[in-house]
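Participant: Take a look at the following structure, please.
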């Protein structure tokens with residue numbers, strides 16, 4: 050069990066506002082249910098009596114609590130007069146759950162936390178399901194720091210070796226690196242199939258072969274600017290509108306994150322081209338198994354996901370004719386700029402990575418992230434950092 054400390058902190062920060070329904074979102078099997086159990090234990094460790102916490106795992110109770118009325122009765126029969134916490138895991142399994150949640154908040158003044166994994170819990174639809182105010186806590190697979198808690202450093206595996214494992218297998222809690230690789234690929238493939246069959250197919254009439262073409266094309270082009278038209282051509286789809294619909298669903302289910310191009314000079318987003326990053330590099334490794342792995346793209350994906358995990362809004366930077374891998378914003382802070390290079394083999398490679406930074410002028414944070422540990426001469430306003438050090442140091 051790996052403590053999801055940052056997510057616990059976020060959940061705890063909303064305890065004082067019972068009017069807010071706390072909604073835990075994220076791709077399937079990223080650890081939402083385990084987070085809910087950890088938060089329950091956190092509440093008890095903080096002095097909340099166990100009887101004041103109504104915890105219902107609807108995955109386990111799906112054949113016992115199978116209706117809106119039964120869920121409401123379960124809560125009502127367990128409620129205490131002094132208020133309580135209601136934790137509902139996999140709430141979408143009960144039809145009409147949104148009415149129960151809204152009623153429980155209004156009738157009992159309960160502090161409510163919910164998780165869910167299918168299309169009815171997708172983030173941009175919550176406003177139609179829940180009456181009133183809610184807040185989302187978005188959960189992602191393990192960070193590298195969490196990965197090291199699961200797989201600590203040992204005499205055979207230093208930080209660099211563990212990072213290579215993390216880059217290849219990702220951070221989905223469901224896999225086990227001490228198990229057989231074939232089994233782990235089957236597990237990750239099953240997660241992907243489950244998302245497609247349970248989260249996307251009920252919403253859109255998809256042709257399986259076309260969807261697989263789209264996914265494989267996007268994964269093989271991770272780190273490259275692309276457009277719906279290019280994906281349409283590369284995946285052998287006849288109509289770009291079909292591609293747009295597939296991309297929309299894949300991103301909404303958190304299989305991919307979209308990073309739009311940002312024109313630094315014009316200070317505006319350009320919606321025609323974007324980069325797409327998978328939620329987990331292990332899934333990328335699994336679906337493209339048999340193809341040559343692009344470690345540079347995987348490293349770029351790891352950096353992108355970590356920036357998102359840290360709360361940045363991330364775009365693809367563009368300065369004149371030069372591309373900057375990422376422009377990252379934190380609320381009310383100036384933008385930061387990141388370049389990612391697998392290795393800096395020679396001075397020419399280093400100069401290419403630094404070229405866009407040099408033309409930007411001063412006053413910005415500029416970070417060059419690489420797998421190398423060699424020291425190079427860089428301008429005073431550029432931070433050259435090893436990716437392992439950067440991942441383990443949140444500053």
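In our numbering, the protein residues as written are 50 to 444.
Even glycine gets a Cβ: it sits at the ideal position worked out from N, Cα and C.
1. Since residue 54 sits in a beta bridge, which residues does DSSP pair it with?
2. Are residue 331 and residue 237 touching if we call contact CB-CB under 8 Å?
3. Spell out the partners DSSP gives residue 419 in its beta bridges.
4. Taking 8 Å as the cut-off, decide whether the C-beta atoms of residue 344 and residue 323 are in contact.
5. Can you look up residue 258 in the DSSP assignment and give me helix, strand or coil?
6. Could you tell me whether the segment 247-261 touches the segment 207-219, using the rule of 3 or more Cβ pairs below 8 Å?
7. Could you give the residue range of the alpha helix (DSSP H) that holds residue 94?
8. Give me, in chain order, the residues of the same chain whose beta-carbon lies closer than 8 Å to that of residue 293; leave out the 5 immediate sequence neighbours on both sides.
9. Do you know whose CA, among 405, 392, 415, lies nearest residue 383's CA?
10. Considering only the beta carbon of each residue, do residue 353 and residue 373 sit closer than 8 Å?
11. I'd like to know whether the C-beta of residue 190 is nearer than 8 Å to at least one C-beta of chain C.
12. Considering Cα atoms alone, identify which of 274, 164, 336 is closest to residue 78.
13. Sorted by chain position, which residues of the same chain lie with C-beta nearer than 6 Å to residue 442's C-beta, five sequence neighbours on each side aside?
14. Could you tell me how far apart the beta carbons of residue 244 and residue 70 are, in whole angstroms, since I believe they sit closer than 8 Å?
15. Specify, as a first and last residue, the run of the beta strand (DSSP E) that residue 105 falls within.
16. Just verifying my parser: in three-state terms, what is the DSSP assignment at residue 385?
17. Between which two residues does the beta strand (DSSP E) holding residue 286 run?
18. By the 10 Å Cβ neighbour count, where 16 or more other Cβ atoms means buried, how is residue 328 classified, buried or exposed?
19. With DSSP as the reference, please indicate the residues paired to residue 378 in a beta bridge.
20. Distance check for residue 132 and residue 55, CA to CA, integer angstroms please.
21. Run through DSSP, which three-state label would residue 315 get?
22. Report the rounded CA-to-CA distance for residue 300 versus residue 199, giving the unit in angstroms.
23. CB of residue 288 to nearest heavy atom of the ligand ATP: below 7 Å?
24. Count the other C-beta atoms from every protein chain shown that fall within 10 angstroms of the C-beta of residue 315, then say buried if there are 16 or more, exposed otherwise.
25. Here's a check: name, in chain order, each residue in its chain whose Cβ is nearer than 7 Å to the Cβ of residue 111, leaving out the five neighbours to either side.
26. Among 272, 242, 392, 396, which residue has its Cα nearest to the Cα of residue 76?
Facilitator: Taking the structure as given:
1. In the chain shown, counting from the first residue as 1, residue 54 sits at position 5. According to DSSP, residue 54 shares a beta bridge with no other residue.
2. As a position in the chain shown, residue 331 is number 282, starting the count at 1. As a position in the chain shown, residue 237 is number 188, starting the count at 1. Yes, Cβ-Cβ distance for residue 331 and residue 237 is below 8 Å.
3. What you label residue 419 is simply residue 370 of the chain shown in a count that begins at 1. In DSSP, residue 419 forms a bridge with 390, 435.
4. Position 295 of the chain shown holds residue 344. Position 274 of the chain shown holds residue 323. Using a Cβ distance threshold of 8 Å, residue 344 and residue 323 do not count as a contacting pair.
5. The sequence position of residue 258 within the chain shown is 209, counting from 1. Here residue 258 sits in helix by DSSP.
6. For the pair of segments examined, the segment 247-261 was found not to touch the segment 207-219: the number of CB pairs separated by less than 8 Å stays below three.
7. What you label residue 94 is simply residue 45 of the chain shown in a count that begins at 1. Where residue 94 is concerned, the enclosing alpha helix (DSSP H) stretches over 81-94.
8. For the purposes of this step, residue 293 is taken as residue 244 along the chain shown, with counting starting at 1. Excluding sequence neighbours, residue 293 sits near 277.
9. For the purposes of this step, residue 383 is taken as the residue at position 334 of the chain shown. Checked all of 405, 392, 415; the closest Cα to residue 383 is 415.
10. For the purposes of this step, residue 353 is identified with residue 304 of the chain shown, where counting begins at 1. For the purposes of this step, residue 373 is identified with residue 324 of the chain shown, where counting begins at 1. With respect to residue 373, residue 353 sits apart: the two C-beta atoms are not nearer than 8 Å.
11. The structure shown contains no chain C, having only a single protein chain.
12. If you number the chain shown from 1, residue 78 lands on position 29. Measuring C-alpha to C-alpha distances from residue 78 to each of 274, 164, 336 identifies 164 as the nearest.
13. Sequence index remark: in the chain shown, residue 442 carries index 393 (1-based). Excluding its 5 nearest sequence neighbours in each direction, residue 442 has no C-beta neighbour in its own chain below 6 Å.
14. For the purposes of this step, residue 244 is identified with residue 195 of the chain shown, where counting begins at 1. For the purposes of this step, residue 70 is identified with residue 21 of the chain shown, where counting begins at 1. 24 Å between Cβ atoms; not a contact.
15. Taking the chain shown and counting its residues from 1, the one referred to as residue 105 is at position 56. Note, residue 105: beta strand (DSSP E), 102-106.
16. The residue you call residue 385 lines up with position 336 of the chain shown. Shown here, residue 385 sits in a strand according to DSSP, grouped into three states.
17. One-based indexing of the chain shown puts residue 286 at position 237. Unbroken run through residue 286: none, as it is neither H nor E.
18. For this step, residue 328 is matched to residue 279 along the chain shown. In summary, residue 328 is buried, with 16 or more beta-carbon neighbours lying within 10 Å of its beta-carbon over all protein chains present.
19. Here residue 378 refers to the residue found at position 329 when the chain shown is read from its first residue. According to DSSP, which records beta bridges pairwise, residue 378 is partnered with 362.
20. On the chain shown, residue 55 is found 6 positions in, with the first residue counted as 1. On the chain shown, residue 132 is found 83 positions in, with the first residue counted as 1. Approximately 26 Å, taken between the alpha carbons.
21. Taking the first residue of the chain shown as 1, we reach residue 315 at position 266. Annotation note: pLDDT 46 at residue 315 (below 50); position unreliable, no value reported.
22. Taking the first residue of the chain shown as 1, we reach residue 300 at position 251. Taking the first residue of the chain shown as 1, we reach residue 199 at position 150. If I take the Cα positions, the gap works out to 28 Å.
23. The ligand ATP is not part of the structure shown, which contains no ligands of any sort.
24. Along the chain shown, read from residue 1 onward, the residue named residue 315 stands at position 266. Residue placement at residue 315 is poorly supported in this model, since its pLDDT is 46, which falls under 50; the coordinates still yield a value, given next. So residue 315 ends up on the exposed side.
25. Locating residue 111 in the chain shown gives position 62, counting from the first residue. The answer, listed in chain order, is 142.
26. The residue given as residue 76 occupies position 27 in the chain shown. Ranking 272, 242, 392, 396 by Cα distance to residue 76 puts 242 first.
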